[in-house]
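Using our numbering, you'd call the opening residue of the sequence shown number 18 and step up by one each time.
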Amino acid sequence: MKALKAYVEQTNKWNAIFKGPQFDINKAEDRQRLADKIDSALSPENLTCDGELSRAQVQARYRELTTVAKELQKLDPSVKFYEYA
Numbered sequence: 018m019k020a021l022k023a024y025v026e027q028t029n030k031w032n033a034i035f036k037g038p039q040f041d042i043n044k045a046e047d048r049q050r051l052a053d054k055i056d057s058a059l060s061p062e063n064l065t066c067d068g069e070l071s072r073a074q075v076q077a078r079y080r081e082l083t084t085v086a087k088e089l090q091k092l093d094p095s096v097k098f099y100e101y102a
């Protein structure tokens, strides 16, 4: 759960700056919102920043996001993913 907790912490820090919602992995609704956010980040356009990232950067982002998705799915098997399968 280390990667998931780090991802949630980082996301919450950014959301605090921009007055966005805070995520709590103890709430089912927030876990699904996190899954949706991960799905969005895994879409090809977002994953590659519209082709601006190097292959190494894309692979690193992909590994991070899929690790977080695995941990989230392990925590709550009922969350639905579309890009991550």
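A virtual CB, placed ideally from N, CA and C, is assigned to each residue, including glycine.
Return the chain-ordered list of same chain residues with a C-beta closer than 7 Å to the C-beta of residue i, the five sequence neighbours on each side being excluded.
i          : result
residue 96 : 48, 49, 52, 89 and 90
residue 85 : 20, 21, 24 and 55
Beta-carbon within less than 8 Å of residue i's beta-carbon, same chain only, minus the 5 sequence neighbours each way: which residues are those?
i          : result
residue 83 : 59 and 101
residue 38 : 32 and 50
residue 99 : 56
Since residue i is in the alpha helix (DSSP H), which residue starts that stretch and which ends it?
i          : result
residue 75 : 72 to 92
residue 25 : 19 to 34
residue 42 : Unbroken run through residue 42: none, as it is neither H nor E.
Count the other CB atoms, across all protein chains shown, that sit within 10 Å of the CB of residue i; report buried if there are 16 or more and exposed otherwise.
i          : result
residue 40 : buried
residue 56 : buried
DSSP state of residue i, grouped into three classes?
i           : result
residue 62  : helix
residue 154 : This structure cannot settle anything about residue 154, because the visible part of the chain is limited to 18 through 102.
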